[in-house]
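Numbering (our numbering), first residue to last: 2 to 165.
Laid out in structure tokens, this is it:
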């Protein structure tokens, strides 16, 4: 049986992408292998190189208005080069512009994505626009996997956390 692999991406920030790490924690808890790529200066070449090496089943990206056009272009290339990889787009831009995002991604996650991602990983939902239908507890973030490659964030004195 093929390994279940998910590849997460987001725009680079000096502050760790906590939302993505919580989603990675959910994937970890569901038994999926994970990798992460942060995009600096809209340069997607390292993103494509890692996808080629890691061979994920699913690629998910968190987008904001302002980096959406670059991601849409990258996803067009991803679908051309790897047509069997399923794609997820989430984040503020996908939430506010789901119809536009649906032109480029298989799954468009609106609002909080834990329940939606769980359904995608389990194969319980068809591609399309996914709205939040219930709230879930935040899974523990997948810092260990993220820090393996992102030493700058590992070594940073800035750490984010959510309390409730």
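C-beta: ideal position from N, C-alpha, C; glycine also.
Every value quoted in this text rests on a predicted model; they were computed, and no experiment measured them.
Residues near residue i in its chain [Cβ-Cβ closer than 6 Å; skip 5 each side]
i           : result
residue 20  : none
residue 132 : 111
residue 37  : 9, 147
residue 18  : 11
8 Å CB neighbourhood of residue i in its chain, flanking five on each side removed
i          : result
residue 32 : 5
residue 93 : 64, 65, 66
residue 43 : 68, 71
Option nearest residue i by Cα separation, candidates the options
i           : options            : result
residue 87  : 147, 56, 99, 112   : 56
residue 165 : 89, 137, 152       : 137
residue 113 : 100, 101, 91, 103  : 91
residue 61  : 43, 30, 95, 81     : 95
residue 201 : 145, 83, 129       : The structure shown does not extend to residue 201, since the chain spans only 2 to 165, so no value can be given for it.
residue 1   : 124, 30, 156, 83   : The displayed coordinates of the chain run from 2 to 165. Any statement about residue 1 would go beyond what the structure contains.
residue 29  : 145, 156, 149, 103 : 145
Whole-Å CB distance - residue i paired with residue j, under 8 Å assumed
i           : j           : result
residue 166 : residue 35  : No answer is possible for residue 166: it lies beyond the span of the chain, which begins at 2 and ends at 165.
residue 24  : residue 118 : 6 Å
residue 79  : residue 52  : 7 Å
residue 22  : residue 115 : That belief does not hold up - the Cβ atoms of residue 22 and residue 115 are roughly 12 Å apart, past 8 Å.
Same chain, Cβ closer than 7 Å to residue i, neighbours up to 5 away in sequence not counted
i          : result
residue 16 : 159, 161
residue 2  : Confidence at residue 2 is low in this model, with a pLDDT of 45, below 50, so its placement is unreliable and the value that follows should be read with caution. So no residue of the chain qualifies.
CB contact flag (residue i, residue j, <8 Å)
i           : j           : result
residue 163 : residue 139 : yes
residue 45  : residue 75  : yes
residue 108 : residue 77  : no
residue 89  : residue 59  : yes
residue 68  : residue 12  : yes
Residue i Cβ short of 7 Å to the ligand PLP heavy atom set
i          : result
residue 82 : This structure does not include the ligand PLP; it has no bound ligands of any sort.
For this session: Tell me the start and end of each unbroken beta strand (DSSP E) in the segment 84-120 that is at least 3 residues and wholly inside, in chain order.
Result: Segments of the beta strand (DSSP E) lying fully in the segment 84-120: 87-91, 108-110.
Problem set entry | Sequence ranges, alpha helix (DSSP H) only - wholly within the segment 32-88, length at least 4 | Correct list: 46-55, 69-82.
Problem set entry | 3 or more residues per run - each beta strand (DSSP E) lying fully within the segment 125-150 | Correct list: 129-131.
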